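This report refers to the structure that appears directly beneath it.
Number of protein chains: 4
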Amino acid sequence: MKTIKMGIAGLGRLGLIHAENIHNMKHVELAAVSNLDESVNKRIQEKYNVPYAYTNFEDMIKNDDLEAVCIVTPSSFHTRHIQLALEHDLHVFCEKPIGLEVESIKQTCRVIDESNKVFHLGFMRRYDEDYLYAKEMIDRGELGDISIIRSYGIDPIAGLDSFVHFAKKSPSGGIYLDMSVHDIDVIRWFTNSEVKKVWATGNNKAAPELNQLNEVEMGTVTMQLENNVTAFLVAGRTASHGYHVETEVIGTKGMVRVAATPDKNKVTVFNNYGVVRPTSQSFPERFKEAYVEEIKDFVRCIREQTKPEVTAVDGLRSTEVAIACQHSFEEDKLVEIKYEG
Amino acid sequence: MKTIKMGIAGLGRLGLIHAENIHNMKHVELAAVSNLDESVNKRIQEKYNVPYAYTNFEDMIKNDDLEAVCIVTPSSFHTRHIQLALEHDLHVFCEKPIGLEVESIKQTCRVIDESNKVFHLGFMRRYDEDYLYAKEMIDRGELGDISIIRSYGIDPIAGLDSFVHFAKKSPSGGIYLDMSVHDIDVIRWFTNSEVKKVWATGNNKAAPELNQLNEVEMGTVTMQLENNVTAFLVAGRTASHGYHVETEVIGTKGMVRVAATPDKNKVTVFNNYGVVRPTSQSFPERFKEAYVEEIKDFVRCIREQTKPEVTAVDGLRSTEVAIACQHSFEEDKLVEIKYEG
Amino acid sequence: MKTIKMGIAGLGRLGLIHAENIHNMKHVELAAVSNLDESVNKRIQEKYNVPYAYTNFEDMIKNDDLEAVCIVTPSSFHTRHIQLALEHDLHVFCEKPIGLEVESIKQTCRVIDESNKVFHLGFMRRYDEDYLYAKEMIDRGELGDISIIRSYGIDPIAGLDSFVHFAKKSPSGGIYLDMSVHDIDVIRWFTNSEVKKVWATGNNKAAPELNQLNEVEMGTVTMQLENNVTAFLVAGRTASHGYHVETEVIGTKGMVRVAATPDKNKVTVFNNYGVVRPTSQSFPERFKEAYVEEIKDFVRCIREQTKPEVTAVDGLRSTEVAIACQHSFEEDKLVEIKYEG
Amino acid sequence: MKTIKMGIAGLGRLGLIHAENIHNMKHVELAAVSNLDESVNKRIQEKYNVPYAYTNFEDMIKNDDLEAVCIVTPSSFHTRHIQLALEHDLHVFCEKPIGLEVESIKQTCRVIDESNKVFHLGFMRRYDEDYLYAKEMIDRGELGDISIIRSYGIDPIAGLDSFVHFAKKSPSGGIYLDMSVHDIDVIRWFTNSEVKKVWATGNNKAAPELNQLNEVEMGTVTMQLENNVTAFLVAGRTASHGYHVETEVIGTKGMVRVAATPDKNKVTVFNNYGVVRPTSQSFPERFKEAYVEEIKDFVRCIREQTKPEVTAVDGLRSTEVAIACQHSFEEDKLVEIKYEG
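Residue numbers (my numbering), protein chains in the order written: chain A, 11 to 351; chain B, 11 to 351; chain C, 11 to 351; chain D, 11 to 351.
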């Protein structure tokens with residue numbers, strides 16, 4: 011079987027996870043890294059025996075050895091990096107979100123559309139076995155018609171100080187774009203329907219200094235979908251108990267909860283605190299397998315010359331909805347979403 | 011200890027529960043029943059050895075033997091029955107809601123205020139040990155500052171046909187007034203804050219014929235409170251698994267869920283369906299003890315000449331908010347609530 | 011309805027629970043207490059308005075006002091107190107165990123047999139709704155044929171020091187007689203079969219000083235029943251998490267666990283320890299309702315002149331098995347049990 | 011990195027799992043298969059691009075390309091295959107048990123001892139993240155001193171008919187050797203202590219025809235360890251709910267349960283059966299990751315020239331204890347175990 015040579019752009023926390031997963035795959039070679047910090051590049055080159063390293067994305071994609079690239083650069087670079095990579099005839103895996111502005115995403119979508127390369131978007135929940143199990147139940151009709159969806163993504167409070175620190179330097183884009191896009195994608199995926207109307211609220215009770223920064227520590231969104239499903243989202247940064255990602259689907263025939271409690275493992279501890287289930291503490295821990303599976307699927311698509319289930323339009327829609335949420339929060343009003351083309 | 015003689019008005023499903031609980035109390039006598047159906051009256055008279063029976067509330071309250079009355083008549087009669095009972099110098103326990111219209115409730119509140127009799131309102135969740143445990147955690151500060159509350163009340167789907175049947179004959183007043191008042195009361199109780207703004211949605215996917223009746227089978231409300239808490243409510247009639255009443259409180263220091271799953275008991279069954287927890291099937295089952303405790307507290311207040319923690323104003327506020335929810339649902343818009351006096 | 015006047019003997023921890031439950035029952039009067047400590051008697055007399063108090067059981071049962079007596083005296087007095095009460099024509103409720111020695115229990119059984127008074131034995135688990143639910147599943151055949159039963163009774167470690175303190179003064183009779191009798195009764199009740207063979211082990215790892223006192227801090231028993239069920243018991247005094255009473259039944263068609271975790275209530279807490287379920291801390295808390303129900307059933311038997319389901323022979327058998335367990339532990343061998351008459 | 015060429019012997023259910031895991035590893039090649047059924051060999055050769063296939067173990071190990079072999083042949087061949095492979099200078103991974111007879115195992119241990127090749131024994135629970143988490147808690151002292159261990163391994167009843175079918179053709183060696191060895195190994199691993207005394211019981215209530223075959227459908231073992239821990243084991247073939255592997259450790263400072271319920275995933279379903287957790291249905295599903303991890307560790311040991319934590323003596327001890335259990339069951343008595351050298 012032919013070895014696929016892949017480059018990776020961005021070696022932050024999530025970039026390092028993708029690098030390891032790419033490296034571990036059989037018949038795939040992590041052949042290049044592109045990252046600003048040369049010392050990190052060097053470490054990864056040695057760890058995984060990577061032949062090439064760059065401090066510049068444009069340089070990496072000119073390397074003719076490469077067949078594919080995994081983009082984990084800051085979100086604001088995504089649309090440009092995707093387009094450049096496709097122009098250089100590289101298959102592209104890109105972390106969510108596809109971009110931060112609707113116009114540039116739309117333009118990117120057109121470039122993707124016209125390209126014959128694989129474009130894969132990193133909505134890893136679609137590769138998580140728990141989410142897949144729920145999706146299959148829905149598709150088999152076991153829950154009946156969906157009425158309500160609830161979806162939470164709450165980061166551990168342990169990271170709050172560091173978030174405040176970084177938010178002071180550069181804005182995160184807002185909690186809805188930064189975090190809720192995953193939940194928005196899940197809702198669209200589960201319902202096959204589009205979001206019509208949103209009302210977003212938020213507060214900063216643990217870190218009031220975020221108020222001045224126009225950031226939100228705990229945000230909610232209530233959404234009405236075209237098929238008359240109501241969805242309720244929580245995105246937050248203050249979970250004392252760990253990394254809480256949970257999704258509930260209420261249908262006319264049954265309900266399902268994915269990860270009602272963010273169990274770390276199958277262990278139950280009986281101690282002086284009561285009966286305790288240890289919890290996941292981070293996204294790399296919670297979605298470890300899903301990150302592996304999504305890259306595997308990317309590689310499968312390249313080999314089989316097929317398109318992934320998740321598309322660039324899915325990325326566009328999530329961002330459009332997230333932007334409407336931010337707008338709703340800032341104006342404190344119901345916002346109706348208009349989709350064009 | 012002096013025996014308190016109590017009458018009960020209304021012997022529907024919940025009336026029968028109160029009748030039994032009153033009967034079982036030591037030093038309390040169920041001394042009169044008032045109910046339209048004489049055959050039911052007769053049955054209860056025999057079962058609990060009740061001396062008097064009436065088919066008319068006005069007649070019962072003239073009985074000088076009585077010291078207190080428990081009102082479980084249809085909601086639309088509540089304000090009138092409360093006032094009549096107080097005028098006859100009876101202590102009053104009244105089931106929620108205190109009334110269906112703001113003006114008549116306000117007037118009733120004034121009558122209650124001017125009376126020196128005990129007025130007790132049937133928000134039984136305030137007497138449920140699980141809700142009390144959560145309330146105490148909140149009050150001790152163990153959850154920190156509250157950011158988000160979520161509260162569900164979903165009836166078993168087994169009762170849906172019968173609901174549709176009755177809704178065709180006479181309107182329920184809407185799911186928010188009928189069901190959400192309990193959740194609204196919990197939210198006010200837990201936060202000590204008032205609801206400022208609501209957005210209500212609803213759908214009828216299991217029983218679409220409800221659309222014509224302006225009824226809702228699954229309703230949601232998103233609320234903003236004065237202290238900037240966001241609350242999300244679900245009221246519904248289609249739970250396949252039983253009677254689902256659940257409340258979640260998310261604070262800056264921790265989260266708590268009351269009845270995350272509506273467990274019937276402490277039994278776990280391992281069978282060909284998987285690992286199964288049997289579920290509560292009805293409010294009498296779920297809140298059995300709470301119904302006993304609230305009547306006990308009513309009696310305690312009478313004996314000790316004190317006022318219950320829950321007041322007529324709590325009843326007024328819940329109804330005001332529920333009416334705003336119904337309004338929001340019908341107009342499909344955000345509704346701001348103004349409280350006067 | 012005629013009021014039943016009942017006396018209580020013994021006002022220790024469990025005696026006080028029974029006293030309150032008797033007092034709270036309608037048409038039942040707690041008419042006398044008998045207890046060595048006069049100050050406790052006085053307190054209970056005032057609290058429940060009890061007309062008579064004695065420091066001597068023999069004196070109390072001569073009181074002709076009494077119709078029934080509740081015996082909660084130390085276990086070594088049970089057989090004698092039961093016989094005396096029956097001789098004075100009193101209905102008898104007696105806490106487990108019926109006695110500590112086989113011969114005197116057998117003789118007491120004969121006296122009970124010849125009497126026409128109600129004799130009720132305090133195996134409260136038979137009145138616990140969770141145990142009843144499991145029993146009904148078994149009787150309906152939902153678990154198929156039973157293969158294995160596991161039953162735990164573990165006291166909170168918080169009480170260990172106090173246990174060691176008392177054990178130094180006077181022997182407890184051994185953990186099997188003191189604690190396992192409840193589990194033995196459950197096993198006989200669930201299986202309708204007798205224990206044939208036992209192997210008991212035990213250790214003292216938290217309180218090694220118990221070794222010299224021939225006491226056991228954590229004991230186990232493995233049992234073979236006549237119907238070839240194997241049962242495994244744990245009785246202990248060192249649960250860090252609370253009061254752990256759990257029973258599992260494994261059948262050919264399913265398994266069931268009663269109180270797999272000793273949940274205090276329906277609340278789940280998400281905090282820095284993980285996802286935590288608070289736990290029951292004591293038998294009064296865990297079996298609060300069961301203690302009420304067993305006294306209610308005693309009163310029902312008196313009124314309806316019927317016999318309770320649990321009999322004196324059930325008491326005899328549990329003690330016989332517990333004695334065999336103690337014997338097995340001391341000799342470190344398999345012990346076969348012979349039942350005569 | 012040099013590619014390790016590995017052969018596999020035995021392509022039954024578990025053999026196929028190992029074949030896939032070996033194939034998927036980077037820098038490892040599944041270079042040969044040995045299996046009686048040529049059609050299976052052919053299928054696997056094509057699927058994983060395997061150069062060599064044999065119907066005879068002796069032939070495969072002569073292939074000089076191979077550096078290591080994975081033995082998944084029937085248990086009765088293990089000792090001979092291990093010795094042959096080591097004689098041909100191959101690193102050996104062998105599925106449990108190391109053998110069925112004490113003498114031949116001891117002799118094999120000597121051969122292993124004298125060899126400088128890696129010998130790895132397939133106790134996959136030692137590589138399961140849940141078991142590892144519990145082991146680490148024990149080693150950190152969080153549970154205090156261990157008093158009691160309980161360990162269950164119960165196969166789904168779906169496989170019972172097929173088990174009866176095969177048992178009629180050839181004996182399984184008994185449920186203790188076939189299944190309990192895993193639990194015995196866990197107990198030794200968790201306690202660092204040896205089993206001193208055992209009492210085994212068993213019954214056949216779902217498949218009584220097993221009685222004639224001297225087989226056991228539900229077996230239990232109670233064990234006393236040298237450090238005075240009591241262990242209780244259940245091995246069975248009749249779980250209605252799936253594949254139930256659970257281990258509990260009770261210590262003086264806390265308790266822990268590994269997989270108290272055999273959850274398939276993190277999904278909770280609320281349907282007309284109640285609140286349902288789907289369950290694992292088989293060992294390949296439950297221990298999917300552990301099987302990957304143990305082969306990874308085998309490869310790591312080869313590369314780093316180290317010895318695995320689990321040794322041949324661990325295999326010997328488990329078999330010795332299992333044989334004592336079978337003996338105890340057949341004679342219906344307590345059996346003391348003597349270990350020599």
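We treat Cβ as the ideally placed atom computed from N, Cα and C, and that holds for glycine. Predicted model only: the values in this text are computed from it and were never measured.
Test: residue i CB closer than 8 angstroms to a CB of chain B
i, result
"residue 252 of chain A", "no"
"residue 344 of chain A", "yes"
"residue 303 of chain C", "no"
"residue 271 of chain D", "yes"
"residue 348 of chain A", "no"
"residue 158 of chain A", "yes"
Chain C within 8 angstroms of residue i, Cβ atoms only
i, result
"residue 307 of chain B", "no"
"residue 280 of chain A", "yes"
"residue 284 of chain A", "yes"
"residue 41 of chain B", "no"
CB contact below 8 angstroms: residue i versus chain D
i, result
"residue 276 of chain A", "yes"
"residue 36 of chain A", "yes"
"residue 287 of chain B", "yes"
"residue 150 of chain A", "no"
Interface flag, residue i vs chain A, CB-CB below 8 angstroms
i, result
"residue 257 of chain C", "no"
Among the options, nearest to residue i - alpha-carbon criterion
i, options, result
"residue 298 of chain B", "B/179, B/310, B/139", "B/139"
"residue 338 of chain A", "A/327, A/98, A/229, A/116", "A/229"
"residue 263 of chain A", "D/256, D/282, D/259", "D/282"
"residue 42 of chain D", "D/35, D/53, D/26, D/60", "D/60"
"residue 115 of chain A", "A/98, A/136, A/93, A/172", "A/93"
"residue 18 of chain A", "A/327, A/36, A/50", "A/50"
"residue 308 of chain A", "A/254, A/85, A/100, A/23", "A/100"
Boundaries of the beta strand (DSSP E) in which residue i is found, first to last residue
i, result
"residue 211 of chain C", "205 to 213"
"residue 17 of chain C", "14 to 19"
"residue 243 of chain D", "240 to 249"
"residue 131 of chain A", "129 to 132"
"residue 166 of chain D", "156 to 166"
"residue 62 of chain C", "62 to 64"
"residue 41 of chain A", "38 to 44"
Beta-carbon gap between residue i and residue j smaller than 8 angstroms
i, j, result
"residue 301 of chain B", "residue 189 of chain B", "no"
"residue 267 of chain A", "residue 278 of chain A", "no"
"residue 16 of chain C", "residue 79 of chain C", "yes"
"residue 242 of chain C", "residue 120 of chain C", "no"
Limits of the alpha helix (DSSP H) - the one that residue i falls within
i, result
"residue 25 of chain B", "23 to 34"
"residue 296 of chain B", "293 to 296"
"residue 261 of chain C", "First-last for residue 261 of chain C: 254 to 261, but that is the beta strand (DSSP E), not the alpha helix (DSSP H)."
Next item on the list: Can you give me, in chain order, the residues of the stretch 205 to 222 of chain B that have a beta carbon less than 7 angstroms from any beta carbon in chain A?
Entry: 209, 211, 213, 215, 216
Item checked: Proximal residues, the stretch 161 to 181 of chain B versus chain D, C-beta separation under 8 angstroms -> none
Checklist line | Within 7 angstroms of chain A by C-beta, residues of the stretch 227 to 243 of chain B in sequence order | finding: 228, 230, 232, 234, 238, 240, 242
Checklist line | Contact residues within the stretch 71 to 95 of chain B, judged by C-beta distance below 9 angstroms to chain A | finding: none
Check: Going along the chain, which residues of the stretch 134 to 149 of chain A sit with their C-beta nearer than 7 angstroms to a C-beta in chain D?
Finding: 139, 140, 143, 144
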